[in-house]
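Asks:
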Amino acid sequence: MANLKENDLSQGLFLTVNLQEQLLPDTFEWTIDYLINKIDMSAFEQNYNNDERGAAAYPPRALLKLILFCYSKGIITSRKIEKAGKENITAKALAEDFEPDHDTIAAFISTNSAAVKDLFAQVLVQCSQLKLINGEMFAIDGCKLPSNASKEWSGSLSDLRKKRDKLGNHITELLHQHQELDRDEKARKKLKPFKKTMGDDKERRTRSIKRLENKLERLNKFLESAKPKIGTAGVEVQSNITDGESARIKGPHGYIQGYNGIAIADSGNQVVISAEAIGSGAESGCFPEMLDSLEENMKTLTGKEKPLKKALLEGDTGYFSEDNLREAVNRGINVLIPDSQFRQRDPYFAEKKEIKVKRNRKYAMEDFIYYEANDCFICPSGKTLEYKYHVILRNNSGKKYQAKSSDCFSCSQIDKCTKKRSGKKHARTLYIIDKKYENPLSRKMRQMIDEPVNRELYSRRMQIIEPVFSNITH
Numbered sequence: 169m170a171n172l173k174e175n176d177l178s179q180g181l182f183l184t185v186n187l188q189e190q191l192l193p194d195t196f197e198w199t200i201d202y203l204i205n206k207i208d209m210s211a212f213e214q215n216y217n218n219d220e221r222g223a224a225a226y227p228p229r230a231l232l233k234l235i236l237f238c239y240s241k242g243i244i245t246s247r248k249i250e251k252a253g254k255e256n257i258t259a260k261a262l263a264e265d266f267e268p269d270h271d272t273i274a275a276f277i278s279t280n281s282a283a284v285k286d287l288f289a290q291v292l293v294q295c296s297q298l299k300l301i302n303g304e305m306f307a308i309d310g311c312k313l314p315s316n317a318s319k320e321w322s323g324s325l326s327d328l329r330k331k332r333d334k335l336g337n338h339i340t341e342l343l344h345q346h347q348e349l350d351r352d353e354k355a356r357k358k359l360k361p362f363k364k365t366m367g368d369d370k371e372r373r374t375r376s377i378k379r380l381e382n383k384l385e386r387l388n389k390f391l392e393s394a395k396p397k398i399g400t401a402g403v404e405v406q407s408n409i410t411d412g413e414s415a416r417i418k419g420p421h422g423y424i425q426g427y428n429g430i431a432i433a434d435s436g437n438q439v440v441i442s443a444e445a446i447g448s449g450a451e452s453g454c455f456p457e458m459l460d461s462l463e464e465n466m467k468t469l470t471g472k473e474k475p476l477k478k479a480l481l482e483g484d485t486g487y488f489s490e491d492n493l494r495e496a497v498n499r500g501i502n503v504l505i506p507d508s509q510f511r512q513r514d515p516y517f518a519e520k521k522e523i524k525v526k527r528n529r530k531y532a533m534e535d536f537i538y539y540e541a542n543d544c545f546i547c548p549s550g551k552t553l554e555y556k557y558h559v560i561l562r563n564n565s566g567k568k569y570q571a572k573s574s575d576c577f578s579c580s581q582i583d584k585c586t587k588k589r590s591g592k593k594h595a596r597t598l599y600i601i602d603k604k605y606e607n608p609l610s611r612k613m614r615q616m617i618d619e620p621v622n623r624e625l626y627s628r629r630m631q632i633i634e635p636v637f638s639n640i641t642h
């Protein structure tokens, strides 16, 4: 038998530690330390009023380095950040051996939103000085960010009023049952054997009613001052009483309550030049705001009045709309944004497309009959598509007509009309254009993207922006 050394790993150690040596060169934590030490922190120091009286405060640079490092590790709560600052040697080194409590950390985060924007601009200046930004080509894309808000408290104002009325009636019924149980001793004795399952407990029932009353009060308070939230299509979208700036957004795995996290990255080294979290269901509607941010930051970096004059901005098909293209033209910015059908026009897909069209021909506009008296359409199966509202389409504007989802779900011809998703109802929709743009830029963009040189340029979009989101997620 070999005679091997053993050790007790549960035993504590006393070590001599040099905190500066814990930040190894070329690591992420070393980069944070390097950047923050070079940046002007006066924007963060404006909130301090202890220069003449009061105890000395923690240096903002130490708090900022600790928070950014913890965020990069997925540690986002102030209590966990406090724990990391006490127990993790790398976090202690970045915090310069200060040990701020969770209240200090939470207050620092909540009071410095404006200073963080200034910090972002200063980091870009450092990147520019290091020749990491070339400003020749940019790519824009977005991801879905869930909010700390429940979808249960989302809806149009009319839906939320219905929820309020329903909740009020439910509380009234519970109060009535509560009073009956208190008065009727006999009923209590009958329910006593079922106490564990039915919960005939006065204190617990009182707490339950109190929670519901708090929800009702919160809902009433929101509805008193709430105004309809209008989306990019010009119609009311769902509001949320917990996080009013968030929106109900369709993600890759269903709907979430949250934000569109949109970023514009530079082609040089994938440095993010502009980033915003916007509570809107459609990324395309945020395009002008992102152009504002991009132009402002590039002016800071280059000092030029028109820093994007010779640059190219690429976006995916979600940003393809007449309004967005006109916005770029008015600003003198070159963009390359393909329409949703551009891959089907690719010669590589031509043969496959022809086969698919022959096999799966769907009902088109001419297959529906319009009745002017009722302002509705009748589908080939005899079902009615009612007028819903006027909508701004990607390239034009017009009327939206939609069938009932129950009619489409049970229709025998659904495969020829629309998609029938398993377990979900899907209604057929028609858009009737009543206003067209003159000299549409969308037509010119379709012609541009079909040119081989522009298709090759567009193929670079993914390698510029997609790794940014995957790196952040990792």
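Under my numbering, the first residue of the sequence shown carries the number 169, and numbering increases by one thereafter.
We put the beta carbon where it would ideally sit given N, CA and C, even for glycine.
Would you tell me roughly how many angstroms separate the C-alpha atoms of T365 and Y427, rounded to the nearest one?
Replies: Note that T365 scores a pLDDT of 42, beneath 50, so its modelled location is shaky; the value from the coordinates is reported in the next line. When rounded, the distance between both Cα atoms is 40 Å.
Asks: Using CA coordinates, which residue listed in N215, L298 and L387 is at the minimum distance from A283?
Replies: Nearest of N215, L298 and L387 to A283, Cα basis: N215.
Asks: Count the other C-beta atoms from every protein chain shown that fall within 10 angstroms of the C-beta of S627, then say buried if there are 16 or more, exposed otherwise.
Replies: Counting Cβ neighbours within 10 Å, S627 comes out exposed, since fewer than 16 surround it.
Asks: If you follow the alpha helix (DSSP H) that A275 is in, where does it begin and where does it stop?
Replies: Looking at the DSSP string, the run of the alpha helix (DSSP H) that includes A275 is H270 to S278.
Asks: State yes or no: is the C-beta of V643 within less than 8 Å of the C-beta of L300?
Replies: This structure does not reach residue 643, given that the chain is present from 169 up to 642, and the question cannot be answered.
Asks: Cβ atoms of A263 and S246: under 8 Å apart, would you say?
Replies: No, the pair does not count as a contact, with Cβ atoms beyond the cut-off.
Asks: Using a Cβ-Cβ cut-off of 8 Å (strictly less than) and excluding sequence neighbours within five positions of F536, which residues of its own chain qualify?
Replies: F545, I546, C547, P548, L553 and L598, listed in sequence order.
Asks: Can you give the Cα-Cα distance for Y423 and N217, rounded to whole angstroms?
Replies: Answer to the nearest angstrom: the Cα atoms are 45 Å apart.
Asks: Given that a residue counts as buried once 16 or more other Cβ atoms are within 10 Å of its Cβ, and exposed if not, what is D193?
Replies: It is Pro, not Asp, that sits at residue 193 in the sequence shown. By the 10 Å Cβ count, P193 comes out exposed.
Asks: Apply the 10 Å Cβ neighbour rule to R221 and answer buried if 16 or more other Cβ atoms are within range, or exposed otherwise.
Replies: R221 should be labelled exposed.
Asks: Taking 8 Å as the CB-CB cut-off, is E220 touching chain B?
Replies: Included in the structure is just one protein chain, with no chain B present.
Asks: Pick helix, strand or coil for K530, following the three-state DSSP scheme.
Replies: Three-state DSSP puts K530 in coil, outside helix and strand.
Asks: Can you give me the C-alpha to C-alpha distance between N175 and A259, rounded to a whole angstrom?
Replies: The alpha-carbon atoms of N175 and A259 are separated by roughly 27 Å.
Asks: List the DSSP bridge partners of S178.
Replies: S178 pairs with nothing; no bridge assigned.
Asks: Does the beta-carbon of L183 have 16 or more other beta-carbons within 10 angstroms, so that it is buried, or is it exposed?
Replies: Result: exposed.
Asks: Are I377 and L342 touching if we call contact CB-CB under 8 Å?
Replies: Taking 8 Å as the Cβ cut-off, I377 and L342 qualify as a contacting pair.
Asks: Using a Cβ-Cβ cutoff of less than 6 Å, which residues in the same chain neighbour G483 once the five nearest sequence positions on both sides are dropped?
Replies: Around G483: I308 and I505.
Asks: In the DSSP output, which residue or residues are listed as bridge partners for M616?
Replies: In DSSP, M616 forms no bridge with anything.
Asks: Between L481 and V497, how many whole angstroms is the CB-CB distance? I'm expecting something under 8 Å.
Replies: At roughly 12 Å, the Cβ-Cβ gap does not stay under 8 Å, so L481 and V497 are not in contact.
Asks: Taking F237 and E197 to be in contact with their CB atoms under 8 Å, please state how far apart those CB atoms are, rounded to whole angstroms.
Replies: Contact flag correct, Cβ pair sits at about 6 Å.
Asks: Evaluate the contact criterion for the stretch 615 to 626 versus the stretch 505 to 514: three or more CB pairs, one atom per stretch, below 8 Å.
Replies: Verdict: yes, contact present.
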